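K.L.:
First, the structure itself, so that you have it in front of you.
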Amino acid sequence: MKIAGFLKTTLLDWDGMVACTVYLQGCNFTCPYCHNRDIVVSDNVTEIPEEQVLDYIKDNSDFLDGVVVSGGEPLMNKDIHKFLGKLKALNVKVKLDTNGSLPDVLDDLIGSELVDMVAMDLKSSLNERYDAAAGCAVDIEKIRKSISVIIDSGIEHEFRTTAVPVYVKEEDIRNICKNIKGAKRYRIHQFRNKFTIDAALSVIDPYPVSRLTAMADIAKEYVKDVKIRGV
29 MKIAGFLKTT LLDWDGMVAC TVYLQGCNFT CPYCHNRDIV VSDNVTEIPE EQVLDYIKDN
89 SDFLDGVVVS GGEPLMNKDI HKFLGKLKAL NVKVKLDTNG SLPDVLDDLI GSELVDMVAM
149 DLKSSLNERY DAAAGCAVDI EKIRKSISVI IDSGIEHEFR TTAVPVYVKE EDIRNICKNI
209 KGAKRYRIHQ FRNKFTIDAA LSVIDPYPVS RLTAMADIAK EYVKDVKIRG V
């Protein structure tokens, strides 16, 4: 278990909750627009001792509502079950961020009641466009399986997409939302063109709010609760 970052307090990573966020090292995607590039592509990261994180959570459980476990891709870590178990033993709620590429691990964590909420990123249309947005070859059937695992479980959840102009257009939002019909929440994130893995994206302007609003209107045809973040 490599903890590459620890945000002690956040009101942004879990709606309506005072949380801390634990960032785990490593990812099996290399999304060109990812702004956590040091966690994803660099091994030159100073690790934070697990005990330090757990002690902080224990000492501050009076005001922390929950812990967000993010990355990278947290489910790649072979000790993820053990780590989430330690968090649950501290009587805090756990939110998991995932790219959905490891549905069997996700299903096991949910079934073991080690997770209270799941936020899953959906990069683009669930077709050949997905590989470009993820920066690697993706097994789309595993993405579809993760969607089903989340929705069918009844767990608190949201799906989300970063609206990168190169990879996400209105037709992609429609394709995504058709595939998550019945989901509780969908969030469209504004693209940030700084600190990306692909430096070429730094010259691409984010969509104007009007374009994001049009995308949100499409999403609302399939998912009741849709919001835009980062504008």
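Residues 29 to 259 (this note's numbering) are what the sequence shown spells out, left to right.
Built from N, CA and C at the ideal position, the CB exists for glycine as well.
Quick caveat: nothing in here was measured; it's all calculated off a predicted structure.
Buried or exposed for residue 238, please, with buried defined as at least 16 other CB atoms from any protein chain shown within 10 angstroms of its CB.
P.N.:
So residue 238 ends up on the exposed side.
K.L.:
Can the beta-carbon of residue 171 be found less than 8 Å from the beta-carbon of residue 139?
P.N.:
Not a contact, by the Cβ cut-off of 8 Å.
K.L.:
Taking the alpha helix (DSSP H) that residue 115 belongs to, which residues open and close that run?
P.N.:
Per DSSP, residue 115 belongs to the alpha helix (DSSP H) from 108-117.
K.L.:
Let me know if residue 123 comes out buried or exposed under the rule of 16 or more other beta-carbons within 10 Å of its beta-carbon.
P.N.:
Residue 123 is buried by the Cβ-count criterion.
K.L.:
Taking 8 Å as the limit between beta carbons, can you name the residues of its chain near residue 143, skipping five residues before and five after?
P.N.:
Once the five neighbours on either side are set aside, the close Cβ partners of residue 143 are 112, 122, 123, 124, 137, 183.
K.L.:
Near residue 141, which residues of its chain fall below 7 Å by C-beta distance, leaving aside the five closest residues on each side in sequence?
P.N.:
No residues qualify anywhere along the chain.
K.L.:
Which runs of the beta strand (DSSP E) fall wholly inside the segment 154-188 and span at least 3 residues, in chain order?
P.N.:
Taking only runs of at least 3 residues, no beta strand (DSSP E) segment lies wholly in the segment 154-188.
K.L.:
Provide the residue span of the beta strand (DSSP E) that contains residue 205, from first to last.
P.N.:
Residue 205 -> not in any beta strand (DSSP E); alpha helix (DSSP H) instead, spanning 198-207.
K.L.:
Please confirm whether residue 208 and residue 243 have their CB atoms less than 8 Å apart.
P.N.:
No, they are not a contact pair.
K.L.:
Considering only their Cβ atoms, is the gap separating residue 81 from residue 53 smaller than 8 Å?
P.N.:
No.
K.L.:
Specify whether the segment 34-48 and the segment 82-102 touch according to this definition: at least 3 beta carbon pairs, one from each stretch, less than 8 Å apart.
P.N.:
Contact holds: three or more Cβ-Cβ distances are below 8 Å.
K.L.:
Give the DSSP-derived three-state secondary structure of residue 225 in the structure shown.
P.N.:
Three-state result, residue 225: coil.
K.L.:
Which of the three DSSP states, helix, strand or coil, is assigned to residue 142?
P.N.:
Coil, per DSSP.
K.L.:
Looking at the secondary structure, which residues open and close the alpha helix (DSSP H) in which residue 80 lies?
P.N.:
Looking at the DSSP string, the run of the alpha helix (DSSP H) that includes residue 80 is 78-87.
K.L.:
CB-CB under 7 Å to residue 255, same chain, minus the five flanking residues each way: which ones, in chain order?
P.N.:
215.
K.L.:
Could you tell me the boundaries of the alpha helix (DSSP H) in which residue 220 lies?
P.N.:
Unbroken run through residue 220: none, as it is neither H nor E.
K.L.:
Which word fits residue 259, buried or exposed, when buried means at least 16 other C-beta atoms lie within 10 angstroms of its C-beta?
P.N.:
Classification for residue 259: exposed.
K.L.:
State the DSSP-derived secondary structure class of residue 244, mapped to helix, strand or coil.
P.N.:
It is helical.
K.L.:
To the nearest angstrom, report how far apart residue 110 and residue 117 are at their CA atoms.
P.N.:
Taking the straight line from one Cα to the other gives about 11 Å.
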